[in-house]
Amino acid sequence: MALTSGERSALWRKRQRETETKHEEYKRKERERYKKRKALEQLKPIKYLTEREKRQKPSICTPPNSPEGLQPIPQQQQQQQQCNKVRGRRKKNLNRSRAYRAQFRLKIERNKERRLKNKYKTSNYRLIRSQKKDDVEETVKNIMSSQKTMKSTLTLYCLLVNNLRTKYASSNRKTKQIMKSLVFRESMLRKYKVKSYTGKATGISMREIRTRESNFRLKQLAIRRTIESFFTKDDNSRFKAGKKSTRTKRKRKMQPICTLETVLGYSSKRKRSTNVSLDLRKLIKDITCNDRQKSCMYRTCDRCKDNKIKTCTDNANINSGKIVTWKVWKSRRIERKDPKNDTGISKTNITVREPETGMISTLVDELQTDIERLARHEFNIAHQYITLKKLKETCKDDELIMHVDFS
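Converting from the sequence shown to the working numbering requires adding 114 to each position, the first position being numbered 1.
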């Protein structure tokens with residue numbers, strides 16, 4: 115049988131002690147090795163050892179018992195307090211881990227109890243439904259067992275059905291809806307498999323049983339879709355950043371949309387954009403032959419590239435050299451007081467509306483240049499929206515649309 119490492123070491127030490135010369139040589143080598151390790155600072159003095167290292171060497175580091183009546187020195191008290199602190203922290207961590215494990219076990223038991231409760235609840239519901247069905251079937255058997263009872267029941271049934279058919283045929287729409295809600299409980303009729311027979315017996319068609327949306331409801335849906343389409347446009351809202359920032363409504367997970375302005379701001383913006391865009395689009399249509407064609411909007415079309423804006427004054431007044439004044443938006447760099455700055459003054463850019471003076475011909479030429487630039491801009495915006503919408507509609511499951519706006 116093979117010897118263990120401890121047994122082999124014991125045999126080696128025994129052979130060393132049997133020969134005195136070998137044992138003395140071994141002790142000499144051990145002393146040299148100790149001095150070498152101490153010179154290389156591989157051995158720590160006792161005062162530099164930690165509490166754990168001191169506990170691992172009890173024969174060296176454990177002080178003798180103090181005689182009775184002597185108080186421990188302050189250093190011993192400090193070491194004892196530190197040991198107690200470490201021991202208390204370890205105990206606290208153990209108690210916390212024990213509490214976490216107990217909490218996890220209680221959570222598992224709670225889930226088991228919840229599943230059992232749902233199981234018993236479902237079985238009880240099924241039992242109640244079967245008892246109700248059994249009661250109806252038992253009533254039918256009792257009626258069929260007696261000829262007299264069966265005759266009375268059939269007579270009552272015929273009277274009720276005939277009166278219901280007559281009343282339903284001569285009633286208005288609201289009364290018909292009330293009668294349908296009282297008679298046609300679809301879940302109950304489907305349970306006993308008499309839904310189609312009930313419709314034939316009472317004269318109420320299945321098409322009329324199904325609820326249809328009224329005109330008022332359809333108008334509400336149309337208004338809602340219009341409002342949603344307005345607020346979900348790219349120029350009115352932005353998607354909230356973050357992959358995990360989602361909201362679930364009616365089992366549909368969607369990303370939140372942040373509006374760019376308040377409701378009043380949107381109202382004034384819509385009115386302002388409607389009033390201005392109508393005039394600008396009219397000017398664009400005056401100088402182009404097709405406002406949806408790139409060559410016309412980029413002013414490269416042979417038919418309309420030389421078209422000019424139609425003015426209410428004749429060419430004589432335009433070229434007369436008369437001086438007029440108009441207002442133009444311009445960017446200006448101004449100085450403002452800034453308490454955070456060392457000099458107390460900071461420079462910023464602002465856009466101001468300033469009056470400008472010139473001839474009528476100059477004003478018309480500037481307007482013509484701006485309209486041509488606006489035509490290109492309008493075509494680019496429309497093209498971008500149409501292209502992005504087509505990409506969204508035709509996007510596959512393994513494709514991604516990334517819209518990056520470097521503004």
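Note that CB positions come from ideal geometry on N, CA and C, so glycine has one too.
Beta-carbon gap between residue i and residue j smaller than 8 Å
| i | j | result |
| --- | --- | --- |
| Leu278 | Thr316 | yes |
| Arg467 | Trp440 | no |
| Cys372 | Lys354 | yes |
| Lys506 | Ile515 | yes |
| Glu110 | Lys461 | Nothing about residue 110 can be read from this structure; the chain reaches only from 115 to 521. |
| Met473 | Lys424 | no |
| Arg361 | Pro370 | yes |
| Leu397 | Ile485 | yes |
| Lys408 | Gln482 | no |
| Phe227 | Cys197 | The sequence given here has Glu at residue 227, not Phe. No, they are not a contact pair. |
| Arg352 | Leu374 | yes |
| Ser285 | Met293 | yes |
Residues sharing a beta bridge with residue i, DSSP
| i | result |
| --- | --- |
| Pro469 | Lys441 |
| Thr523 | Nothing about residue 523 can be reported from this structure: the residues present for the chain run from 115 to 521 only. |
| Glu342 | Answer is none; Glu342 lacks a bridge partner. |
| Thr362 | Lys367 |
| Thr508 | In DSSP, Thr508 forms no bridge with anything. |
| Lys451 | Ile459 |
| Arg446 | Ile464 |
Neighbour-count burial assignment, residue i, 16 or more Cβ in a 10 Å radius
| i | result |
| --- | --- |
| Thr269 | exposed |
| Ile401 | buried |
| Thr312 | buried |
| Thr325 | Caution applies to Thr325, whose pLDDT of 47 falls short of 50 and renders its modelled position unreliable; the model cannot decide the point. |
| Thr133 | exposed |
Examine the Cβ distances between the segment 505–512 and the segment 405–425 and report whether three or more of them are shorter than 8 Å.
Verdict: no, contact absent.
Are there three or more Cβ pairs, one per stretch, closer than 8 Å when the segment 484–501 is compared with the segment 401–413?
Touching, per the Cβ criterion.
Unbroken beta strand (DSSP E) runs of length 3 or more, entirely within the segment 194–233: which are they?
Runs of the beta strand (DSSP E) inside the segment 194–233: none found.
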